[in-house]
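Asks: Residues are numbered in the working numbering as their position in the sequence shown, beginning at 1, plus a constant of 1.
No residue lacks a Cβ here, since even glycine has one placed at the ideal position from N, Cα and C.
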Amino acid sequence: KFNLLISNIQSLSVECHFKRTSRKLFTEKIKSVQYDLKNILTYHV
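1) Could you tell me whether the Cβ atoms of E16 and F3 are closer together than 8 Å?
2) Need the endpoints of the alpha helix (DSSP H) that R24 sits in, please.
3) If you follow the alpha helix (DSSP H) that F3 is part of, which residue opens it and which one closes it?
4) Compute the Euclidean distance between the alpha carbons of N40 and L13, then round it to the nearest angstrom.
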């Protein structure tokens, strides 16, 4: 789960610089990253 979170953060950090990135898709990915991070901090710390 943690590796997936890292991968998603890396892709988001690159995608935010591209004009062709859909705002809706980008927002959904951010929500996913936030959700995963919250779960990791809540249940694995």
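Replies: This is what the structure gives:
1) For the purposes of this step, residue 16 is taken as the residue at position 15 of the sequence shown. For the purposes of this step, residue 3 is taken as the residue at position 2 of the sequence shown. Contact: no.
2) For this step, residue 24 is matched to residue 23 along the sequence shown. 24–44 is the extent of the alpha helix (DSSP H) around R24.
3) In the sequence shown, counting from the first residue as 1, residue 3 sits at position 2. Per DSSP, F3 belongs to the alpha helix (DSSP H) from 3–16.
4) Sequence index remark: in the sequence shown, residue 40 carries index 39 (1-based). Sequence index remark: in the sequence shown, residue 13 carries index 12 (1-based). Roughly 19 Å separates the two Cα atoms.
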